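Just so you know, we're using this note's numbering here: the sequence shown kicks off at 124 and counts up by one. Glycine included, each C-beta is placed from N, C-alpha and C at the ideal position. Bear in mind the structure is a predicted one, so any value in this text is a computation, not a measurement. Notes for the one structure printed next.
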Amino acid sequence: MAMEQLLELLQDDAKLTDSQLAAMLGESEEDVKKAITRYEKDGVIKGYHALINWERAGSQKASAFIELRITPKKDTGFDEIAGRILNFPEVESVYLMSGGFDLAVTVSGRTMQDIAMFVAKRLSTIDGVLSTATHFVLTKYKDGGVVFNSDYEEIDERGSNLCD
Numbered sequence: 124m125a126m127e128q129l130l131e132l133l134q135d136d137a138k139l140t141d142s143q144l145a146a147m148l149g150e151s152e153e154d155v156k157k158a159i160t161r162y163e164k165d166g167v168i169k170g171y172h173a174l175i176n177w178e179r180a181g182s183q184k185a186s187a188f189i190e191l192r193i194t195p196k197k198d199t200g201f202d203e204i205a206g207r208i209l210n211f212p213e214v215e216s217v218y219l220m221s222g223g224f225d226l227a228v229t230v231s232g233r234t235m236q237d238i239a240m241f242v243a244k245r246l247s248t249i250d251g252v253l254s255t256a257t258h259f260v261l262t263k264y265k266d267g268g269v270v271f272n273s274d275y276e277e278i279d280e281r282g283s284n285l286c287d
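Below, the structure written as structure tokens:
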């Protein structure tokens, strides 16, 4: 079975059943089920989640990307600070980056003010954090491979609208 193909199908739509996946891959349902169980056990598949358009749901949510410059610890490098940051409930992702800053952190909160307070009181006060730069998300056009605004769904790579 083509591991990459199965994983791509699940990434695109985690709600596909074992039966549907088997038919799409030309494999038996039992083989697909075993492969998925193995990928979950081995940590290849880290979880499943729904991608929510909170604006359409009528809920107020804010999100931001935060650049952090940090001083790595002598024995643990960037890992110790990253480990502290990823445990905050506001934090959705933490990445070690190349370039002008060290860590990229994605956070969410009820309001922009909540995020600002989180950065000021909890993130920037961590020992080793030299500076932060917060970039608030104003509009999500596409997230996790999903287009959020239907006005953009039908535009092809050449920029022409397929509905015209």
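Do residue j and residue i have their beta-carbon atoms positioned less than 8 Å apart in this structure?
i	j	result
I189	V252	no
A205	V217	yes
I238	A185	yes
L139	L133	yes
L219	L191	no
F211	R245	yes
E152	A158	no
Buried or exposed for residue i, going by 16 or more other Cβ atoms inside 10 Å?
i	result
G232	buried
I175	exposed
A173	exposed
V167	exposed
L125	Contrary to the premise, residue 125 reads as Ala rather than Leu in this sequence. A125 is exposed by the Cβ-count criterion.
T257	buried
Which same chain residues, not among the five before or five after residue i, have their C-beta less than 7 Å away from its C-beta?
i	result
S247	T255
D287	Per-residue confidence for D287 stands at a pLDDT of 49, beneath the threshold of 50, marking its modelled position as unreliable; the derived number appears in the next sentence. Within the same chain, D287 has no close Cβ partners at all.
D266	L174
N272	Y264
Helix, strand or coil for residue i? Go by DSSP, reduced to three states.
i	result
D287	At D287, the pLDDT of 49 sits below 50, so the modelled position is not reliable; the number obtained from the coordinates is stated separately. Coil, per DSSP.
R98	The question about residue 98 has no answer, for the chain in this structure spans 124 to 287.
D202	helix
E127	helix
F259	strand
A187	strand
E163	helix
S142	helix
E178	coil
L132	helix
K157	helix
D237	helix
A173	coil
A137	coil
Return the chain-ordered list of same chain residues with a C-beta closer than 8 Å to the C-beta of residue i, the five sequence neighbours on each side being excluded.
i	result
V260	A185, S186, A187, F188
S221	none
Spatial neighbours of residue i within its chain, please: CB distance less than 6 Å, with the 5 preceding and 5 following residues excluded, ordered by chain position.
i	result
M235	A185, F259
K156	D141
E127	none
Give me the Cβ distance between residue i and residue j, rounded to the nearest whole Å; I'm assuming they're in contact under 8 Å.
i	j	result
Y171	A137	4 Å
I193	F201	7 Å
Taking only beta-carbon positions, decide if residue i is within less than 8 Å of chain D.
i	result
Y171	Protein chain content of the structure displayed is limited to a single chain, and chain D is not contained in it.
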